[in-house]
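The structure appears right after this line, and notes come after that.
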Amino acid sequence: MCKKEQHFGEEIYVTRKGAVSARAGQYGIIPGSMGAKSFIVRGLGNEESFCSCSHGAGRVMSRTKAKKLFSVEDQIRATAHVECRKDAEVIDEIPMAYKDIDAVMAAQSDLVEVIYTLRQVVCVKG
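Using this note's numbering, the letters of the sequence shown correspond one by one to residues 1 to 126.
Structural data, given as structure tokens:
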């Protein structure tokens, strides 16, 4: 989605890929992986980032690599505390295939303020 916005005194078109709007006072959600916490945040309106922040943890490996590297048993152990699918078709969503959400949030502390931290209980993956 492309949106017309004002930045640095100009009207420009902004497309966010892997990011969401974080305008000053704007609320959003930043999800972690299938087994990690998520965050309700409020944007700080950082102009240098075009008032944007990450939309989640982000992957550290491809889906293909995760499917080769991990087993269903790994998935069961990694998501023992979460009600979710635990089968071969969702191994690519294993928590270890994603960045550490705490590190991601620390890296964007100048972009958003954490309002609530949510504990993962259920994860629905189609």
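The beta carbon of each residue, even a glycine, is placed where N, CA and C say it ideally should be. Computed from a prediction, not measured in an experiment: that's the story for all the values here.
Val121 is positioned such that its CB atom lies no closer than 9 Å to that of Ala22. Asp102 and Gly9 have their C-alpha atoms some 34 Å from each other. Counted as a single uninterrupted DSSP element, the stretch harbouring Ile76 is not any beta strand (DSSP E) but the alpha helix (DSSP H) occupying residues 72-78. Residue environment for Cys2: exposed (fewer than 16 other C-beta atoms within 10 angstroms of its C-beta). Spatial neighbours of Thr15 in its own chain (CB-CB distance under 6 Å, excluding positions within 5 residues in sequence) are listed in chain order as Cys2.
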